[in-house]
Each structure stands twice: as structure tokens, then as C-alpha cells.
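J.: Here it is, the structure, as C-alpha cells.
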Amino acid sequence: MNKIDLLQKIIDESKKIVFFGGAGVSTESGIPDFRSANGVYSLKLDRNFSPEELVSHTMYERYPKEFYDFYKKHLVYPNAKPNFAHKYLAKLEKEGKLSAVITQNIDCLHEMAGSKNVLKLHGTVDSNTCVNCGKKYNLEKFLEICDKENVPHCSKCGGIIKPDVTLYEEVPDQLTFSKAINEISKADTLIIGGTSLIVYPAASLIQYFQGKNLVLINKSQTEQDNFANLVIHESIGEVFKKLR
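Using the working numbering, count along the sequence shown one by one with no gaps and you end on 244.
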């Protein structure tokens, strides 16, 4: 039996699938993995910043102009549309096969495709909050303000508007993490796709899986390949296109 047929058999026989995904799920929608972005050289600070540094809490606090410039250019893609992977997962949920999508991505493509139970470990670009008064801004309003100001300020009180995403050096939302642990621990099949499983604490979630089938779908090898029942080194969208 080839790998695609085996994956189809696993899905057909599963009653509670959980999908855990990373950047590779959204790259086929034209959203690049931000780690592939070039660092930015700041003339003012006379140094290069790596992508990880640019989306850190330190950068947000000390160099907000550079932070927001990188954030808008490399993490926000308002025109992106769901690809086949997003749509297939929404279909599995609708059929009652899939109980949750757990994602490291901060876009809204799973929700746009129709998925209902989406647990976003690192927050979402579609929600932004004034750090002073708590006023909320959706992505459209946030970008409108960003077009006029290098650092976005609240129209109500003048405070800085911060994206509701988990920056480096920040602790992910613990309630979302607890829900993800609960879903994974109850799953009979865990499909991991489009992630190299190197970002912690998200990558640690795999240890809570106690079910029957662990499936890894990623273009490159991961440190967990040896523990999986099935490993497919292809893009997630192309693999899902071969299923029914």
C-alpha cells in the first residue's frame, strides 16, 4: 500500500482526528514563512536584526518603528485566500471526522475556509488592542491607522495599538494551550503538517498524544519522523489533493 492510500485508510478509520499545523500550511496561499524573510539593517541603530529579533517583545518596546515596519511587511497578508489544505480540513470537520485544528499560524485562513474549532497558539493578526484603554481593532482598521502612522495609536485615547499575536519573549495564551493539550490527548489520530516542530513550547504538544496514528506531512525531515506511523515529505496541499 502506498503512502497516500495508507493515509486515506487512516482517515477513513479514525473517529477523532486533530490537525496540528505550521507555516507550511499557509505558504501555498502566498504567505511566506517569516524566517525566510531577510533581516533588516537599521541605519539608526547601525546593526542587522534577524526576523526573530524583529518580532520580539524587546523590539516592540525599544524600537517600535522598526517592529511595525517589519510586522506589516512580513506577517500581515490581508489578501491571502485559503488553499486546498485549509478547505480539506474544514471538510473533515464538517463530516465529523476532525475535532480541532491547532495552528502556529497567525492568519485567519482556517476560519475563512470554514473551520470552526481553530486553536491559535500564537494569536491572530485580525485582533489588535490598545495597550492603554483596551479598545479593539480588526485588521482592516489597524492597517488604516498604520497607513497614516509609523506606530499605530488608538483613536480613543492615543495609546499604542498592539497586535494580539505572541511575540518572541512572550508567553503564549495558556487557555488556548490547555485546550490544545486536551484535544490532542483525546485524539485517535494526530496529523501534523507544514511544521518542522522546532518552535517551542508549541512543538512540545506532540508529547500529549496517546492515540493510534501519528502522521507527519512536511517537505523536510523533522526530529519526530522516527516516532510517526506515517511520514510523507511533500507539501501538505499536494498530499490532501490526492485524498477523497
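Even glycine gets a Cβ: it sits at the ideal position worked out from N, Cα and C. The structure presented is a predicted model; accordingly, all values stated were derived computationally and were not measured.
Spatial neighbours of Lys260 within its chain, please: C-beta separation below 7 angstroms, excluding the five flanking residues on both sides.
T.: Since the first residue shown for the chain is 1 and the last is 244, residue 260 is missing from the structure and cannot be characterised.
J.: Which whole runs of the alpha helix (DSSP H) in the region 142 to 215 are 4 residues long or more, in chain order?
T.: Fully enclosed alpha helix (DSSP H) runs of 4 or longer: 174 to 186.
J.: Mapping DSSP to helix, strand and coil, what is Val101?
T.: Numbered from its first residue, the sequence shown carries residue 101 at position 101. In this structure, Val101 counts as strand in the three-state DSSP scheme.
J.: From which residue to which residue does the alpha helix (DSSP H) around Gly237 run?
T.: Within the sequence shown, numbered from 1, the residue matching residue 237 stands at position 237. Note, Gly237: alpha helix (DSSP H), Ile236 to Lys241.
J.: Quick check: what's the CA-CA separation for Cys154 versus Tyr60?
T.: Position 154 of the sequence shown, counted from the start, is the residue given in the question as residue 154. Position 60 of the sequence shown, counted from the start, is the residue given in the question as residue 60. In a straight line, the C-alpha of Cys154 is about 16 angstroms away from that of Tyr60.
J.: Could you pull the DSSP bridge partners for Tyr68 from this structure?
T.: For the purposes of this step, residue 68 is identified with residue 68 of the sequence shown, where counting begins at 1. Answer by DSSP bridge pairing: none, since Tyr68 is not bridged.
J.: Could you check whether the region 181 to 197 touches the region 205 to 213, counting it as contact only if at least three pairs of C-beta atoms, one from each stretch, sit closer than 8 angstroms?
T.: The region 181 to 197 vs the region 205 to 213: in contact.
J.: Taking all protein chains shown into account, decide if Phe227 is buried (16 or more other Cβ within 10 angstroms of its Cβ) or exposed.
T.: Along the sequence shown, one-based indexing puts residue 227 at 227. Per the 10 Å Cβ criterion, exposed.
J.: Once the 5 residues before and after Lys156 are set aside, which same chain residues still bring their CB inside 8 angstroms of it?
T.: Counted from its first residue, the sequence shown places residue 156 at position 156. If we look at Lys156 and ignore the five residues flanking it on each side, its Cβ neighbours are Cys130, Cys133 and Lys135.
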